[in-house]
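Shown next, in structure tokens, is the structure this report addresses.
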Amino acid sequence: GIHELINSCTKLTHLSLTGVVCFLRKDLTRFCRPPPNEFNEHQRAVFCVFSGPGVAKLRNHLNHLSHTNGNLAPDQAYYDDREEQDTPLVDEEDDEDEEEEIQEE
């Protein structure tokens with residue numbers, strides 16, 4: 001969907017994908033603006049905003065992946081050396097509380 005959007009909207013200059021997990025890959029986030037300094041750790045971890053030349057670079061990169069791999073997944077080498085994301089996108093404590101409530105019922 002996003003790939004089609006940025007190819008269709010060639011004058012697009014700003015795209016916020018903050019919190020969109022499938023775009024929090026280092027091969028894509030390298031084209032993002034840096035998060036604001038006042039953001040906390042979690043906000044910085046999920047920040048994903050492309051603007052100006054970053055949108056064009058994202059478009060070119062996704063088109064390259066599409067043409068070379070036949071899909072938008074990065075090469076396997078990306079998965080072999082990527083760092084695990086330290087900050088969970090979901091608060092694990094909330095999940096544990098929900099599980100306890102379900103078990104009590």
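For the sequence shown, the UniProt record's numbering gives the first residue as 1, with consecutive numbering after it. Note that CB positions come from ideal geometry on N, CA and C, so glycine has one too.
- Listed as beta-bridge partners of His14 by DSSP are Ser51.
- In this structure, DSSP gives Arg30 a state outside helix and strand, which the three-state scheme calls coil.
- A residue is called buried when at least 16 other Cβ atoms come within 10 angstroms of its Cβ; Val20 does not meet this threshold and is exposed.
- Note that the segment 2 to 17 does not touch the segment 33 to 42; fewer than 3 beta-carbon pairs, one per stretch, sit closer than 8 Å.
- For Arg44, the enclosing alpha helix (DSSP H) begins and ends at 41 to 46.
- For the pair Thr68 and Pro53, the Cα-to-Cα distance works out to about 22 Å.
- In this structure, Val55 and Ile6 form a Cβ contact; the two beta carbons are roughly 7 Å apart against a cut-off of 8 Å.
- At the C-beta level, Lys57 and Phe31 come within 7 Å of one another.
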